[in-house]
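I have placed the structure first, in the form of structure tokens, so that the comments after it can refer back to it.
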Amino acid sequence: MTFEPPNEHYCEPPATRRRAGLLCHIGSLTTPGFGQAARDLLDFLDLSGLSVWQVLPLGPTHPDGSPYQCLSSFALEPAYLDAEGLADDPAFEASVSVAERRAGCGANRALRGAFNRFRRHEAHWLEDYVRFMAIRIEQDDRPWHEWPAGLRDRDSDALQRFEERHAGRIKAIAFEQFLLDRQWRALRQHARRRSLCLFGDLPIFVAGDSADVWANRPLFQLDQTGKPTVVAGVPPDYFSATGQRWGNPLFDFAQMAEDGFSWWKTRLLRHLQLYDWVRIDHFRGLSAYWAIPAEDDDAAGGEWIAAPGEALLEALASVVDGALPLVAEDLGVITPEVTALRDRFDLPGMTVLQFAFDGGEDNPHLPNHHRAHSVAYTGTHDNDTTLGWWHSLDDATRTFVHRRLEDLQGIDPGSPMPDALIESVLTSDASLAMLPVGDLLGLGSEARINVPGTCEGNWRWQLPAGALNAVLAERIRGWLARHDRLL
823 MTFEPPNEHY CEPPATRRRA GLLCHIGSLT TPGFGQAARD LLDFLDLSGL SVWQVLPLGP
883 THPDGSPYQC LSSFALEPAY LDAEGLADDP AFEASVSVAE RRAGCGANRA LRGAFNRFRR
943 HEAHWLEDYV RFMAIRIEQD DRPWHEWPAG LRDRDSDALQ RFEERHAGRI KAIAFEQFLL
1003 DRQWRALRQH ARRRSLCLFG DLPIFVAGDS ADVWANRPLF QLDQTGKPTV VAGVPPDYFS
1063 ATGQRWGNPL FDFAQMAEDG FSWWKTRLLR HLQLYDWVRI DHFRGLSAYW AIPAEDDDAA
1123 GGEWIAAPGE ALLEALASVV DGALPLVAED LGVITPEVTA LRDRFDLPGM TVLQFAFDGG
1183 EDNPHLPNHH RAHSVAYTGT HDNDTTLGWW HSLDDATRTF VHRRLEDLQG IDPGSPMPDA
1243 LIESVLTSDA SLAMLPVGDL LGLGSEARIN VPGTCEGNWR WQLPAGALNA VLAERIRGWL
1303 ARHDRLL
């Protein structure tokens, strides 16, 4: 199976011409999910001249809500199902409740047929996911390595007995995924009709407590009980003096290479069903990854281990018709090897203006170092908002920032924040300029959605009602016109 791009309004590879987009987690919408709030956001983009919506991963989350630690790299978050749309769906008997519809009750013949086709087509990930979730419910949400040995180790007799007892629940979970997929595809068509691109996010690593790891244990570095022997993270950096211990199990790349990285191929193809472009989060991990002994409490004791990034990307390129529609998140400790890997496959990288004013003249995030074939951000989901960042600086640093923006781009030193950084990213030579929604709204730290290295209080902020309005759209359109980013 190979990826074939849709004909209508197909988005060319990222960063090939000047345009701008919005970075907004779908969980931050006024009503999170695939319903009217998402359609309203797409309509706002169309009105404002922004032509890209970048979302964070859409997978089912653990209780902490992090989209970067999902229960599956293929499935969609059940909370994103649009209940209002489901209640009005004419493919169901009118008397059937929304809760019953989620499980497939009252569906007409055409919808049942579409579900059966979906289940057959997506069986390579869906069947393991629905088993995993059904067992997890029965086991009171305990991680899979704590399940009874037969279920933990996927003993065929134990799984068959479980499936016989819980066939209804398993089918209901599968039907819910079908509905989610159906609603997201409708949302993607809404975007295509407006010539808007959907820009997704693929975390390089997956959560240890996930259907991915439970169903594919030989592909990960685990002990006999399913616990990781080494875990992922990054060394001490801008965000943390002791590094970040993410805790994800690390791949056994040698095992993955034996079948030509088939798991990675199916993973990418699933993402290209959902999005026009995909950002590979922590791209540098395809060149070398930071391996931390599982027993360590922080990341300081890890070591760099080489990864077969070239072989993996060649395998991924073999299933895509044309250029890989990927963006490399090449932030952090970037070596010449990482840059060479990115350039070998002609992938745009990233620059973040909030990082531009530390260090010397060779700082790659300074506007004068931005490449046309790249994506420039004021900040990302891991940063504070620009206004929050600005308030954290001392007076001398603020003066320095304004002076650099004036010297390098001619930006008025009296321009307030976040407008000055927004103007800077739009002025940038980078073909694609991405603006976090909190910056466009001029919000401070109250709108920050994630603090790396912390587990509490993240992913909770939501857009104020009515914030994305015609007045703001007109202002954005003026910015884009001045900087040649209207398509």
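Each residue of the sequence shown is one higher than the last, beginning at 823 in the numbering used here. We put the beta carbon where it would ideally sit given N, CA and C, even for glycine. Quick caveat, the model's predicted, so the values are computed rather than measured.
Do you know how far the Cα of Asn930 is from the Cα of Asp1261?
Sequence index remark: in the sequence shown, residue 1261 carries index 439 (1-based). Sequence index remark: in the sequence shown, residue 930 carries index 108 (1-based). Going from the Cα of Asp1261 to the Cα of Asn930 covers about 45 Å.
Going by DSSP, what residues sit across from Pro1057 in a beta bridge?
As a working mapping, residue 1057 is identified with position 235 in the sequence shown. Note: Pro1057 sits in no beta bridge, so no partner.
Have a look at Leu1072, Asn1070, Val1155 and Leu1134 and flag the residue whose alpha-carbon is nearest the alpha-carbon of Pro1058.
Along the sequence shown, read from residue 1 onward, the residue named residue 1058 stands at position 236. Per the Cα distances, Val1155.
Quick one: is Glu830 buried, meaning 16 or more other Cβ sit within 10 Å of its Cβ, or exposed?
In the sequence shown, residue 830 corresponds to position 8, counting from 1. Any reading at Glu830 is ruled out, since the residue's pLDDT is 44, under 50, leaving its predicted position unreliable.
So what's Arg840 in DSSP terms, helix, strand or just coil?
For the purposes of this step, residue 840 is taken as residue 18 along the sequence shown, with counting starting at 1. Three-state DSSP puts Arg840 in coil, outside helix and strand.
Grab the span of the alpha helix (DSSP H) containing Ile1127 for me, first residue to last.
Locating residue 1127 in the sequence shown gives position 305, counting from the first residue. Unbroken run through Ile1127 is the beta strand (DSSP E), Glu1125 to Ala1128; no alpha helix (DSSP H).
If you scan the stretch 838-912 from start to end, which runs of the beta strand (DSSP E) of 3 or more residues do you find wholly inside it?
List check, beta strand (DSSP E) in window: 841-845 and 874-876.
Sort Leu845, Arg1106 and Pro1235 by Cα distance to Leu1163 and report the nearest one.
Against the sequence shown, residue 1163 aligns to sequence position 341. Nearest of Leu845, Arg1106 and Pro1235 to Leu1163, Cα basis: Arg1106.
Should Thr824 be labelled buried (16 or more other beta-carbon atoms within 10 Å of its own) or exposed?
Taking the sequence shown and counting its residues from 1, one reaches residue 824 at position 2. The predicted position of Thr824 is uncertain, since its pLDDT is 44 and thus under 50; no value can be drawn from it.
Can you tell me which of Trp1036, Asp1023, Leu973 and Trp1112 puts its alpha carbon nearest to the alpha carbon of Trp1099?
Here residue 1099 is taken as the residue at index 277 of the sequence shown, counted from 1. Closest by alpha carbon: Asp1023.
Determine the direct distance from the alpha carbon of Glu1296 to that of Leu867, and round the result to whole angstroms.
Position 45 of the sequence shown, counting from 1, holds the residue named residue 867. Position 474 of the sequence shown, counting from 1, holds the residue named residue 1296. Straight-line Cα distance between these residues: approximately 11 Å.
Do the CB positions of Leu933 and Ala913 come within less than 7 Å of each other?
By 1-based counting over the sequence shown, the position of residue 933 is 111. By 1-based counting over the sequence shown, the position of residue 913 is 91. Yes, Cβ-Cβ distance for Leu933 and Ala913 is below 7 Å.
Kindly indicate which three-state DSSP category Ile1114 falls into: helix, strand or coil?
The count along the sequence shown starts at 1 and reaches residue 1114 at position 292. Residue state, collapsed to three classes: strand.
Cα separation between Glu906 and His967?
For the purposes of this step, residue 906 is taken as residue 84 along the sequence shown, with counting starting at 1. For the purposes of this step, residue 967 is taken as residue 145 along the sequence shown, with counting starting at 1. Between Glu906 and His967, the C-alpha separation is close to 37 Å.
Taking all protein chains shown into account, do 16 or more other C-beta atoms lie within 10 angstroms of the C-beta of Gln1176, making it buried, or fewer, making it exposed?
Translated into the one-based positions of the sequence shown, residue 1176 becomes position 354. By the neighbour-count rule (16 or more Cβ atoms within 10 Å), Gln1176 is buried.
How about Asp1003 and Leu1041: do their beta carbons lie closer than 7 Å?
On the sequence shown, residue 1003 is found 181 positions in, with the first residue counted as 1. On the sequence shown, residue 1041 is found 219 positions in, with the first residue counted as 1. For Asp1003 and Leu1041, no; Cβs fall outside 7 Å.
How should Ile959 be labelled, buried or exposed, when 16 other C-beta atoms within 10 angstroms of its C-beta is the threshold for buried?
Residue mapping note: residue 959 aligns to position 137 of the sequence shown, counting from 1. By the 10 Å Cβ count, Ile959 comes out exposed.
Kindly indicate which three-state DSSP category Tyr951 falls into: helix, strand or coil?
As a position in the sequence shown, residue 951 is number 129, starting the count at 1. Here Tyr951 sits in helix by DSSP.
Which same chain residues, not among the five before or five after Leu1294, have their C-beta less than 6 Å away from its C-beta?
Here residue 1294 refers to the residue found at position 472 of the sequence shown. Nothing meets the Cβ criterion.
What is the DSSP secondary structure of Arg1283, counted as helix, strand or coil?
Indexing the sequence shown from 1 puts residue 1283 at position 461. Reading the sequence as shown, one finds Trp at residue 1283 and not Arg. In this structure, Trp1283 counts as coil in the three-state DSSP scheme.
From Gly1300 to Glu1245, what does the alpha carbon distance come to, in whole angstroms?
If you number the sequence shown from 1, residue 1300 lands on position 478. If you number the sequence shown from 1, residue 1245 lands on position 423. C-alpha separation (whole angstroms): 11 Å.
How would you write the range of the beta strand (DSSP E) that Ala1150 sits in, first residue to last?
Position 328 of the sequence shown holds residue 1150. Leu1148 to Ala1150 is the span of the beta strand (DSSP E), which, as asked, contains Ala1150.
Suppose the cutoff is 8 Å on Cβ atoms and the five residues either side in sequence are ignored; what does the same chain contact list for Gly843 look like?
To locate residue 843, count along the sequence shown from 1; it is residue 21. Answer for Gly843: Leu867, Leu872, Ser873, Val874, Trp875, Gln876, Cys1019, Phe1021, Leu1254, Ala1255, Met1256 and Leu1257, listed in chain order.
For Ser1032, does the count of other Cβ atoms within 10 angstroms reach 16, so buried, or fall short, so exposed?
Here residue 1032 is taken as the residue at index 210 of the sequence shown, counted from 1. Burial call: buried.
Ala837: which of Ala1198, Phe984 and Ala971 sits nearest, CA to CA?
To locate residue 837, count along the sequence shown from 1; it is residue 15. Among Ala1198, Phe984 and Ala971, the Cα nearest to that of Ala837 belongs to Ala1198.
Quick check: what's the CA-CA separation for Ala1194 versus Cys833?
As a first step, residue 1194 is located in the sequence shown; it is residue number 372 there, counting from the start. As a first step, residue 833 is located in the sequence shown; it is residue number 11 there, counting from the start. The alpha-carbon atoms of Ala1194 and Cys833 are separated by roughly 18 Å.
As a quick exercise: from Ala936, Phe937, Gly935 and Asp975, pick the residue whose alpha carbon is nearest that of Arg953.
Against the sequence shown, residue 953 aligns to sequence position 131. Of the candidates Ala936, Phe937, Gly935 and Asp975, the one whose C-alpha sits nearest the C-alpha of Arg953 is Asp975.
Under 8 Å by Cβ, that's how I've got Tyr890 and Pro879 pegged, so tell me the actual separation to the nearest angstrom.
On the sequence shown, residue 890 is found 68 positions in, with the first residue counted as 1. On the sequence shown, residue 879 is found 57 positions in, with the first residue counted as 1. Confirmed, about 6 Å.
Going by CA-CA distance only, name the one from Leu1138, Ala1128, Asp1143 and Leu1169 that's closest to Ala1150.
Locating residue 1150 in the sequence shown gives position 328, where the first residue counts as 1. Measuring from the Cα of Ala1150, the nearest candidate turns out to be Leu1169.
Which of the three DSSP states is assigned to Ile1233 in this structure?
Stepping through the sequence shown from its first residue, residue 1233 is reached at position 411. Residue state, collapsed to three classes: coil.
Across which residues does DSSP place Cys1019 in a beta bridge pair?
What you label residue 1019 is simply residue 197 of the sequence shown in a count that begins at 1. Note: Cys1019 sits in a beta bridge opposite Val874.
Quick one: grab the DSSP three-state call for Ser1250.
As a position in the sequence shown, residue 1250 is number 428, starting the count at 1. Correct three-state label for Ser1250: coil.
Between the Cα of Thr1200 and the Cα atoms of Val1174, His1192 and Ala1218, which residue gives the shortest distance?
Taking the sequence shown and counting its residues from 1, one reaches residue 1200 at position 378. When only C-alpha atoms are compared, the closest one is Val1174.
Using the three-state DSSP reduction, which class does Gln1176 fall into: helix, strand or coil?
Mapped onto the sequence shown, residue 1176 falls at position 354. Helix, per DSSP.
Pull up the distance between the alpha-carbon of Pro1147 and that of Asp979, whole angstroms please.
Locating residue 1147 in the sequence shown gives position 325, where the first residue counts as 1. Locating residue 979 in the sequence shown gives position 157, where the first residue counts as 1. Each residue's alpha carbon lies about 42 Å from the other.
Might you give, ordered along the chain, the residues of its own chain that have their beta carbon closer than 6 Å to the beta carbon of Arg861, omitting 5 neighbours on each side?
Reading the sequence shown from its first residue, position 39 is the one you call residue 861. For Arg861, where only same-chain residues beyond five positions count, the Cβ hits under 6 Å are His1012.
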